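Engineer: First to last, the protein sequences are chains U and G.
In terms of my numbering, the first sequence is numbered consecutively and its last residue is 474.
In terms of my numbering, the second sequence is numbered consecutively and its last residue is 1020.
What follows is a structure written as structure tokens; I'll ask about it next.
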Amino acid sequence: MSDDFRARARAWLAANAPRRAAGDDEAEAESRGQAAVIAEHKAFQAKLHAAGFAGITWPREYGGQGLTSAEQIIWSQESAGYDLPTGVFFIGLSMPGNTLVELGTDAQKRRYLPKMLSGEEIWCQLFSEPGAGSDVASLQTSAVRDGDEWVLNGEKVWTSGAQYSDFGAILARTDPTKPKHNGISMFIVDMHAPGVTVRPLKVATGHSPFNEVFFDNVRLPAGALIGEENKGWDAAVVMLRHERIAIGTMGSSRTSPLAFSTLRDLAAGLGKTADQGVRRELAELYARSRAVQLFALLLREETQAGRLPGARGSVAKLAGSDLGRFAGNVAADVLGDQLAAFDTDELAAVSTAIVAAPGSAIAGGTSEIQRNIIGERVLGLAKDPGVDRATPFNQLRVGTQREQ
Amino acid sequence: MTLILTDEEVALADSVRKFVADRSPLTSLRQLIASGEPFDAGVWKQMTAQLGLAGLTIPESYGGAGAGYSALSVALTELGAGLVASPLLGCLLAAEAVLRLGDDTAKQGLLPNIAAGELIVTLAVASSAGGQVTASGAGDGTVLTGTVSPVLNGAEADVLLVPADGADGKAIYLVQGGADGLARTRLTAVDHSRSLARITLAGTPARALAGDAAAALAAAADLANLALAAESAGAMKACLDMTSGYARIRVAFGQPIGAFQAVKHRLADMEKSFELGYAALRDAARAGDEKPGDFPVAASVARVLLASAYAEAAVDTVQLHGGIGFTWEHDAHLYYKNGLSNKVLLGGPGEQLDRLADALGI
Ligand SMILES: Cc1cc2nc3c(=O)[nH]c(=O)nc-3n(C[C@H](O)[C@H](O)[C@H](O)COP(=O)(O)OP(=O)(O)OC[C@H]3O[C@@H](n4cnc5c(N)ncnc54)[C@H](O)[C@@H]3O)c2cc1C
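This is how it looks when you write it as structure tokens:
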């Protein structure tokens, strides 16, 4: 059965998956135009789904394949050598998608999951706000009940992919008189609804992968609530867990500008691989990258054996961010002043990747927050005292405060 | 084969852990320190005759269990966690070299006795700075001259396998522990759980073993990487458990010290390095059994990551225990010294990275 699946996956990938050179989606969006990139990703996701390789572990009645994590592992192994053009669906499938599989109503699952899988609808995750990131439970966006609907007002920020998303999973405050974790709900919001405004923000690399999003009296229909009213924090915890595991086990592309093989080839091109220091750094980069891949594989095997990774997903995420930083240092040593100024695409890609590296230590929960999670939930250390945990939200100070 | 342990491996780990707790707790290492004995002969007898640990990688046809590298690494992880002093590592390396050579007499004569714990055999290798031995003469008149240091259990070994350069290149020579002109000086080992010696040969009679010495030494070096990585993983986990346990119960400024991020984050990083190193160790063990071609790189990766991470974790273990962690009575220094020794034995981090770079074709 699984040998069969492996053979099928291998053959399909060989026939259908493009092998791409180094580069990232944002840089490509810049050069080819965003619409072209999205069209390519939608078309590829549709093909992937039609061939039976999307939603491998999701139930069949919602468009999934109804298979086990064994097939999921096989798929990850077989597809590891490719850069599949499905990036715009990564957030939707791994975060809101997996959360809906776990917590959604039957109607929600029927309506939304099949179209995520078939590449028809793109989703984003609307958690962070100007005043609430690490401490996302301090969010101020509000949803006020009106009959069996809600009215949404507020501002989200750093929302990846909002500029081309059809739906978002949003956290909003539904009861400000309760302590901050107890008055939040999670909703599905239609990004094309009246009152939704998306404005792209530029990041350090000069690209615009994320946005600020404004909600001005946006109506959320009955049926938009994910999980229970005022239990949105529980739903958020579920989604954040999926997020860490997805990011942590995503693996890095072999063609990444900061991958061992890329830097080794660049070093060889500069005649630097005879230098003992450079050789040692490259060898250590190989060792560290390999360990990050292997740990992701170990987590997947444990999942398959019925042991869920839980908070150890944070270990994988932290390790991935640290590796990016280490690889940047190796690149600087290997390339020396050739990295300071350049006129080749190869060096530009390395430079962009180094500039982008800190983002992965912030997105999806900062490395400091991951260390808190590992300390508290893996090692059982005492929690941060959390001075504000019991105070009603409407009596708290949140966000950036300056002396008057 | 998978990275996660099989049921048999879990059972093996459990039985070795129980053995260590019953027969070789850290208090017995302190008794060895006091008595000056290199290891407890009764414990060694049980490890070999009863648990069969010296024969895990020796084929059944030579009296071993033929259980493979993965089983061995599982057992070594538990022994490492308990800092069990024994001549196992030296015996493993010697057995590996003999297995890779083509000398039937040596195989028949040594391997069953190593597996049974009847004979302590060691491979007289050290890092590139560890000395040199040359061979001269021929046949029964072959003699060795030179020095190797530090050699694992060099002072206690009944038989030593000594690599030496002769007229026909490098070969591995068999030297009896009582041979003429062999001087063995037990050195002061920084790690109380290892016995290390300087071997000096002055016209010492030896027998050249048939076979490809370079290949045998390379295989032994790979196995040493796996073994030191496995022991380090176990010991590092012991440090992590000990230190996070203490951070849960030691109170300062009105809260458990684990609530302070300076402590919590250091432990989180320790957990991260452990998990990464452990995954690399499992990969190396798996490669050893199933993909021998990948073994040199995989074992090197595991060693490079775990040796450094464990040494760091052991220092942090001292630091995060405060004053009590710096006392002789506390176990932290036993791990600290073991971590330092594991990091440098048979070549320190730089040499290991050079070797990995070679294996990767950089
Ligand atoms: C590339 C990128 C993409 C993103 N995409 C999305 C998205 O799609 N959807 C979305 O909702 N959000 C997204 N984010 C937002 C991201 O989740 C937040 O930026 C992140 O959680 C940090 O929040 P903050 O920016 O408010 O920083 P703050 O929380 O203000 O943190 C500032 C600093 O304080 C530290 N800090 C805060 N609290 C603690 C603590 N308890 N202990 C120790 N240190 C602490 C942080 O680690 C950080 O170093 C994205 C961010 C980036 C960079």
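A virtual CB, placed ideally from N, CA and C, is assigned to each residue, including glycine.
Treat the numbers as computed from the prediction; the structure is a model and nothing was measured.
Return the chain-ordered list of same chain residues with a C-beta closer than 6 Å to the C-beta of Arg-940(G), the five sequence neighbours on each side being excluded.
Structural biologist: Here residue 940(G) is taken as the residue at index 282 of the second sequence, counted from 1. The residues are Leu-661.
Engineer: For Ser-902(G) and chain U, any beta-carbon pair shorter than 8 Å?
Structural biologist: As a position in the second sequence, residue 902(G) is number 244, starting the count at 1. Yes, Ser-902(G) counts as interfacial toward chain U.
Engineer: How many Å lie between Val-25(U) and Met-928(G) at the Cα?
Structural biologist: In the structure as shown, chain U starts at 71 and stops at 474, and residue 25(U) therefore has no counterpart that could be examined.
Engineer: By Cβ distance, which residues of its chain are closer than 7 Å to Ser-391(U), with the 5 residues on each side in sequence left out?
Structural biologist: Position 321 of the first sequence, counting from 1, holds the residue named residue 391(U). So the qualifying residues of the chain are Ser-430, Ala-431 and Ser-437.
Engineer: With 16 other CB atoms within 10 Å as the buried threshold, where does Gly-946(G) fall?
Structural biologist: The residue you call residue 946(G) lines up with position 288 of the second sequence. The residue in question, Gly-946(G), is buried, as its Cβ has 16 or more Cβ neighbours within 10 Å.
Engineer: Which first and last residues belong to the alpha helix (DSSP H) in which Val-806(G) is found?
Structural biologist: Within the second sequence, residue 806(G) is the residue found at index 148, counting from 1. Per DSSP, Val-806(G) belongs to no alpha helix (DSSP H); it is in the beta strand (DSSP E), 801-810.
Engineer: If you draw a straight line from the C-alpha of Val-1002(G) to the C-alpha of Ala-84(U), how long is it?
Structural biologist: The count along the second sequence starts at 1 and reaches residue 1002(G) at position 344. The count along the first sequence starts at 1 and reaches residue 84(U) at position 14. Going from the Cα of Val-1002(G) to the Cα of Ala-84(U) covers about 45 Å.
Engineer: Excluding five sequence neighbours on each side, which residues of the same chain lie with their C-beta closer than 6 Å to the C-beta of Thr-275(U)?
Structural biologist: If you number the first sequence from 1, residue 275(U) lands on position 205. Excluding positions up to five away in sequence, the list reads Thr-422, Val-425 and Ala-426.
Engineer: Listing by chain order, which chain U residues have their CB less than 7 Å from the CB of Ala-905(G)?
Structural biologist: Mapped onto the second sequence, residue 905(G) falls at position 247. Ordered by position in chain U, the residues that pass the 7 Å Cβ test against Ala-905(G) are Leu-451.
Engineer: Would you call Ile-143(U) buried or exposed, if buried means 16 or more other Cβ atoms sit within 10 Å of its Cβ?
Structural biologist: On the first sequence, position 73 is the one that residue 143(U) refers to. Ile-143(U) is buried by the Cβ-count criterion.
Engineer: Ignoring anything shorter than 3 residues, give me the beta strand (DSSP E) runs that lie fully in the stretch 765-844 of chain G, in order along the chain.
Structural biologist: You should have 779-781, 791-794, 801-810, 817-824, 827-834 and 840-844.
Engineer: When every heavy atom of ligand 1 is checked, does at least one fall within less than 7 Å of the C-beta of Ile-907(G)?
Structural biologist: Start at 1 with the first residue of the second sequence, and residue 907(G) comes out as number 249. No.
Engineer: For Met-659(G), does the count of other Cβ atoms within 10 angstroms reach 16, so buried, or fall short, so exposed?
Structural biologist: Position 1 of the second sequence, counted from the first residue, corresponds to residue 659(G). Classification for Met-659(G): exposed.
Engineer: Only counting the same chain, and skipping five residues up and downstream in sequence, which positions put a Cβ closer than 6 Å to that of Ile-915(G)?
Structural biologist: Position 257 of the second sequence holds residue 915(G). Around Ile-915(G): Ala-905, Arg-908 and Val-921.
Engineer: Following the continuous beta strand (DSSP E) through Ala-254(U), name the residue where it begins and the one where it ends.
Structural biologist: Along the first sequence, one-based indexing puts residue 254(U) at 184. First, the residue type needs correcting, since residue 254(U) is Ile and not Ala in the sequence shown. Residues 254-260.
Engineer: So Gln-195(U) is in the alpha helix (DSSP H); what residue range does that whole segment cover?
Structural biologist: Working through the first sequence from its first residue, we reach residue 195(U) at position 125. Note, Gln-195(U): premise wrong, no alpha helix (DSSP H); beta strand (DSSP E) at 193-196.
Engineer: Which residues in the same chain as Asp-849(G) place their Cβ atom closer than 6 Å to its Cβ, once the five residues preceding and following it in sequence are excluded?
Structural biologist: Counting from 1 along the second sequence, the entry for residue 849(G) is found at position 191. Hits under 6 Å: Lys-995, Asn-996 and Ser-999.
Engineer: Trp-128(U): beta carbon under 7 Å from a heavy atom of ligand 1?
Structural biologist: Here residue 128(U) refers to the residue found at position 58 when the first sequence is read from its first residue. No, the beta carbon of Trp-128(U) sits no closer than 7 Å to any heavy atom of ligand 1.
Engineer: In chain G, what lies closer than 7 Å to Glu-313(U) by C-beta?
Structural biologist: Taking the first sequence and counting its residues from 1, one reaches residue 313(U) at position 243. Those do not exist, as Glu-313(U) stays about 18 Å from chain G at its closest Cβ, beyond 7 Å.
Engineer: Please confirm whether Ala-972(G) and Cys-897(G) have their CB atoms less than 8 Å apart.
Structural biologist: If you number the second sequence from 1, residue 972(G) lands on position 314. If you number the second sequence from 1, residue 897(G) lands on position 239. Cβ atoms of Ala-972(G) and Cys-897(G): closer than 8 Å.
Engineer: Mapping DSSP to helix, strand and coil, what is Ile-161(U)?
Structural biologist: In the first sequence, residue 161(U) corresponds to position 91, counting from 1. In this structure, Ile-161(U) counts as helix in the three-state DSSP scheme.
Engineer: For Val-283(U), I'd like the list of residues in its chain whose CB is within less than 6 Å of its CB, leaving aside the five on either flank, ordered along the chain.
Structural biologist: Taking the first residue of the first sequence as 1, we reach residue 283(U) at position 213. Within the same chain, Val-283(U) has close Cβ partners Lys-226, Thr-229, Ala-232 and Val-268.
Engineer: Could you list which residues in chain U have their beta carbon closer than 8 Å to that of Val-962(G), in chain order?
Structural biologist: One-based indexing of the second sequence puts residue 962(G) at position 304. In chain order: Ala-353, Glu-354 and Ala-357.
Engineer: Per DSSP, Ser-212(U) forms a beta bridge with which residues?
Structural biologist: Residue mapping note: residue 212(U) aligns to position 142 of the first sequence, counting from 1. Beta-bridge pairing links Ser-212(U) to Asn-223(U) and Arg-243(U).
Engineer: Using DSSP's beta-bridge definition, name the partner residues of Val-266(U).
Structural biologist: Along the first sequence, read from residue 1 onward, the residue named residue 266(U) stands at position 196. BP columns for Val-266(U) point to Phe-285(U).
Engineer: How big is the Cα-Cα spacing for Ala-712(G) and Thr-800(G)?
Structural biologist: Position 54 of the second sequence holds residue 712(G). Position 142 of the second sequence holds residue 800(G). If you take the alpha carbons of Ala-712(G) and Thr-800(G), they lie about 30 Å apart.
Engineer: Mind checking whether Ala-755(G) and Leu-840(G) have CB atoms under 8 Å apart?
Structural biologist: Working through the second sequence from its first residue, we reach residue 755(G) at position 97. Working through the second sequence from its first residue, we reach residue 840(G) at position 182. In this structure, Leu-840(G) does not lie closer than 8 Å to Ala-755(G) by Cβ.
Engineer: For a minimum of 4 consecutive residues, which ranges assigned as the alpha helix (DSSP H) are wholly contained in the stretch 944-980 of chain G?
Structural biologist: The stretch 944-980 of chain G contains these whole alpha helix (DSSP H) runs: 953-979.
Engineer: Considering only the beta carbon of each residue, do Pro-249(U) and Thr-461(U) sit closer than 8 Å?
Structural biologist: One-based indexing of the first sequence puts residue 249(U) at position 179. One-based indexing of the first sequence puts residue 461(U) at position 391. Cβ distance < 8 Å, so Pro-249(U) and Thr-461(U) count as in contact.
Engineer: Buried or exposed for Asn-399(U), going by 16 or more other Cβ atoms inside 10 Å?
Structural biologist: For the purposes of this step, residue 399(U) is identified with residue 329 of the first sequence, where counting begins at 1. Answer is exposed; the Cβ neighbour count stays below 16.
Engineer: Mind listing the chain U neighbours of Thr-660(G)? Cutoff is C-beta to C-beta under 7 Å, in chain order.
Structural biologist: Against the second sequence, residue 660(G) aligns to sequence position 2. What Thr-660(G) touches in chain U: Glu-371.
Engineer: So the candidates are Trp-702(G), Ala-885(G) and Thr-975(G); which of them puts its Cα closest to the Cα of Leu-751(G)?
Structural biologist: Here residue 751(G) corresponds to residue number 93 of the second sequence, with the count starting at 1. It is Ala-885(G).
Engineer: Is it true that the CB of Gly-812(G) sits closer than 8 Å to the CB of Ala-782(G)?
Structural biologist: Within the second sequence, residue 782(G) is the residue found at index 124, counting from 1. Within the second sequence, residue 812(G) is the residue found at index 154, counting from 1. Yes, these two residues count as a Cβ contact at 8 Å.
Engineer: How many angstroms separate the CA atom of Arg-944(G) from the CA atom of Ala-207(U)?
Structural biologist: Taking the first residue of the second sequence as 1, we reach residue 944(G) at position 286. Taking the first residue of the first sequence as 1, we reach residue 207(U) at position 137. Cα-Cα distance, rounded: 44 Å.
Engineer: Where does Pro-249(U) fall in DSSP's three states?
Structural biologist: For the purposes of this step, residue 249(U) is taken as residue 179 along the first sequence, with counting starting at 1. If DSSP states are grouped into helix, strand and coil, Pro-249(U) belongs with the strands.
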